[in-house]
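Enquirer: Sharing a structure with you now.
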Amino acid sequence: MLNNKSVLITGGTGSFGKKFVETILRDYPQVKKIIIYSRDELKQFELKQKYPGHKYPQLRFFIGDVRDLERLTRACEGVDVIIHAAAIKQVDTAEYNPEECIKTNVHGAQNVIKAALATGVRHVVALSTDKACAPINLYGATKLTSDKLFTAANNISGSKDIKFSVVRYGNVMGSRGSVIPFFISKRDNGAKELPITDMRMTRFNISLEAGVALVMYAIGHHLGGEIFIPKIPSYHIKDVAAAIAPNLPQVEVGIRPGEKLHEEMITVTDALDTIDLGRYYVILPSVSFRHSREEFIRHHNAMPVPDGFHYSSDNNTEWETVETMRENIKKYVDPNFEVK
6 MLNNKSVLIT
16 GGTGSFGKKF
26 VETILRDYPQ
36 VKKIIIYSRD
46 ELKQFELKQK
56 YPGHKYPQLR
66 FFIGDVRDLE
76 RLTRACEGVD
86 VIIHAAAIKQ
96 VDTAEYNPEE
106 CIKTNVHGAQ
116 NVIKAALATG
126 VRHVVALSTD
136 KACAPINLYG
146 ATKLTSDKLF
156 TAANNISGSK
166 DIKFSVVRYG
176 NVMGSRGSVI
186 PFFISKRDNG
196 AKELPITDMR
206 MTRFNISLEA
216 GVALVMYAIG
226 HHLGGEIFIP
236 KIPSYHIKDV
246 AAAIAPNLPQ
256 VEVGIRPGEK
266 LHEEMITVTD
276 ALDTIDLGRY
286 YVILPSVSFR
296 HSREEFIRHH
306 NAMPVPDGFH
316 YSSDNNTEWE
326 TVETMRENIK
336 KYVDPNFEVK
């Protein structure tokens, strides 16, 4: 699928980008070019140490910001596939710096679309978040706007052979700023207790590997305009704490500004346009000039979800336990993880 293709990853030095690069190099040895597009020169330097140029000549490192349309367009020349992973992602950071969040997450998304249309790109897959579903914080609102921009971009592509779609998933195990490394750090630095925002709080759970697999699936199967959503388990935050530090007491500290008690991926209203692919759900575009609802259903060999369907972390049918969380942490986050 990606052999003899040029791929650009915005935010390519982040957790997803690094795993995506690793996967492409392993599974597509004939990939023509992988362009790491990001604004942090230190992270690019560190990634170059892992993939030195004399061993990995297919890698290119572009310093650039998705806010800079001219630079982004230059980077997209000759590119076949764009994976858009760049974003301001911390909820509290976005609340305190709303204009900066909008510039990156909304204007940056629009720039990716413009650059792709201008340079002959064939496939664009943008990473979203469960927080884009019925958003209550600015981060979620900007990502919902980004999702709408990408799904609607198919309607303005004219005769160009290009497809835009989105993947939406929950919290990634072990990603920077997430709860697992936070709890491990607190425990290892001598904390006497672990803070729990709310004992009822639940979240979706996905590994980086599963996130990459979802993006690969979207590249290979999208018609354009879909939002792909994986079927993944949920967990209770208190169970994550118990998995990491069962002997530390848990203290409820209250939900932070802009934070939900439970995360959603598909609302009851979204379900009206949602189909079930078996491994994944897909929210179809509400307006599509290229394909009808029936064409999407036939292409994906899918069926509509039932009336009243709602997919959220608290009504899930699959749940992580304390034991499975420990197994997953050791498998996906830290092979040397031990319960203390």
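Those letters in the sequence shown? Residues 6 to 345, per this note's numbering, in order. Cβ coordinates follow ideal geometry from the N, Cα and C atoms, glycine included.
(1) With a Cβ-Cβ cutoff of 9 Å, do Met221 and Thr18 count as a contact?
(2) Assuming Leu154 contacts Gln115 under a Cβ cut-off of 8 Å, what Cβ separation, rounded to an integer in Å, is found between them?
(3) On the DSSP letters alone, give me the boundaries of the beta strand (DSSP E) that Glu51 sits inside.
(4) Could you tell me the alpha carbon to alpha carbon distance between Thr274 and His315, rounded to whole angstroms?
(5) Short of 6 Å in beta carbon distance, which residues of its chain neighbour Thr134, apart from the five on each side in sequence? Order them along the chain.
(6) Roughly how far, in whole angstroms, is the beta-carbon of Gly263 from the beta-carbon of Ile141, given that I think they are within contact range, below 8 Å?
(7) Can you tell me whether Ser151 is helix, strand or coil according to DSSP?
(8) Would you mind listing the alpha helix (DSSP H) stretches within the stretch 265-326 that are 4+ residues and don't spill past its ends, in chain order?
(9) Use the C-beta contact count for Gly145: other C-beta atoms within 10 angstroms, 16 or more gives buried, fewer gives exposed.
(10) Could you have a look at Lys345 and say whether DSSP puts it in helix, strand or coil?
(11) Just checking, does the stretch 10-24 make contact with the stretch 74-89 on the three C-beta pairs under 8 Å criterion?
(12) Consider the Cβ of Phe209: report whether some Cβ of chain D lies at a distance smaller than 9 Å.
(13) Indicate the three-state DSSP secondary structure (helix, strand or coil) for Thr15 in the structure shown.
(14) According to DSSP, is Phe75 part of a helix, a strand, or is it coil?
(15) For Val172, collect the residues of the same chain with a Cβ closer than 7 Å to its Cβ; drop the 5 residues on either side in sequence, then sort them by chain order.
(16) Out of Val292, Ser164 and Ala120, state which residue places its alpha-carbon closest to the alpha-carbon of Ala157.
(17) Strictly by DSSP, which residues pair up with Gln255?
(18) Do Gly113 and Asp70 count as a contact pair if the criterion is CB distance below 9 Å?
(19) Going by alpha carbons, who is nearest to Phe294 out of Thr109, Ala92, Asn306 and Lys168?
(20) Leaving out five residues on either side along the sequence, give the residues of the same chain with a beta carbon under 7 Å from the beta carbon of Glu100.
(21) Do the CB positions of Leu289 and Glu231 come within less than 9 Å of each other?
(22) Are the CB atoms of Ala246 and Phe188 within a distance shorter than 9 Å?
(23) Please work out which residues of its chain come closer than 8 Å, Cβ to Cβ, to Glu198, disregarding the five sequence neighbours upstream and downstream, and give them in chain order.
(24) Only counting the same chain, and skipping five residues up and downstream in sequence, which positions put a Cβ closer than 6 Å to that of Val327?
(25) Would you check if the distance between the CB atom of Asn333 and the CB atom of Asn210 is smaller than 9 Å?
(26) Could you say which of Ile237, Gly179, Glu268 and Trp324 lies nearest to Pro340 if we only look at CA atoms?
(27) Please find out if some non-hydrogen atom of the ligand HEM comes closer than 8 Å to the beta-carbon of Pro262.
(28) Leaving out five residues before and five after Ala1 in sequence, what residues of the same chain have Cβ atoms less than 7 Å from its Cβ?
(29) Using three-state DSSP, classify Pro140 as helix, strand or coil.
(30) Tell me whether Leu77 is buried or exposed, calling it buried when 16 or more other Cβ atoms sit within 10 Å of its Cβ.
Expert: In short, the structure shows the following:
(1) Taking a C-beta distance under 9 Å as the contact criterion, Met221 and Thr18 do not qualify as a contact pair.
(2) Sure, about 6 Å apart at Cβ, within 8 Å.
(3) No beta strand (DSSP E) holds Glu51; the alpha helix (DSSP H) holding it covers Glu46 to Lys55.
(4) Thr274 and His315 have their C-alpha atoms spaced approximately 8 Å apart.
(5) Residues Lys148 of the same chain have their beta carbon placed closer than 6 Å to that of Thr134, with the five preceding and five following residues left out of the count.
(6) Yes, Gly263 and Ile141 are in contact; Cβ-Cβ is about 6 Å, under 8 Å.
(7) Note: Ser151 maps to helix in three-state DSSP.
(8) Here the runs fully enclosed are 298-305.
(9) Around the beta-carbon of Gly145, 16 or more other beta-carbon atoms lie within 10 Å, marking it buried.
(10) It is coil, neither helix nor strand.
(11) Yes: the two stretches touch, three or more of their Cβ pairs being nearer than 8 Å.
(12) Of the protein chains in the structure, only one exists, and it is not chain D.
(13) Residue state, collapsed to three classes: strand.
(14) Reading off the sequence, residue 75 comes out as Glu, not Phe. It is helical.
(15) The answer, listed in chain order, is Val130, Leu132, Ser133, Leu219, Val220, Ala223 and Phe233.
(16) Comparing alpha-carbon positions, the option among Val292, Ser164 and Ala120 lying closest to Ala157 turns out to be Val292.
(17) Partner(s): Leu199.
(18) In this structure, Gly113 lies closer than 9 Å to Asp70 by Cβ.
(19) Nearest to Phe294 by C-alpha distance, out of Thr109, Ala92, Asn306 and Lys168, is Lys168.
(20) Around Glu100: Asn142, Leu143, Pro262 and Gly263.
(21) In this structure, Glu231 lies closer than 9 Å to Leu289 by Cβ.
(22) Between Phe188 and Ala246, the C-beta spacing is below 9 Å.
(23) Cβ within range, chain order: Leu253, Pro254, Gln255 and Val256.
(24) Closer than 6 Å at Cβ, skipping near neighbours: Asp244, Ala247 and Ala248.
(25) The Cβ-Cβ distance between Asn333 and Asn210 falls below 9 Å.
(26) Distance check between Pro340 and each of Ile237, Gly179, Glu268 and Trp324 places Gly179 closest, using alpha-carbon atoms only.
(27) Ligands displayed in this structure: none; no statement on the ligand HEM is therefore possible.
(28) With the chain running from 6 to 345 in the structure shown, residue 1 is simply not present.
(29) Pro140 falls in the coil class under three-state DSSP.
(30) Buried: at least 16 other Cβ atoms inside 10 Å.
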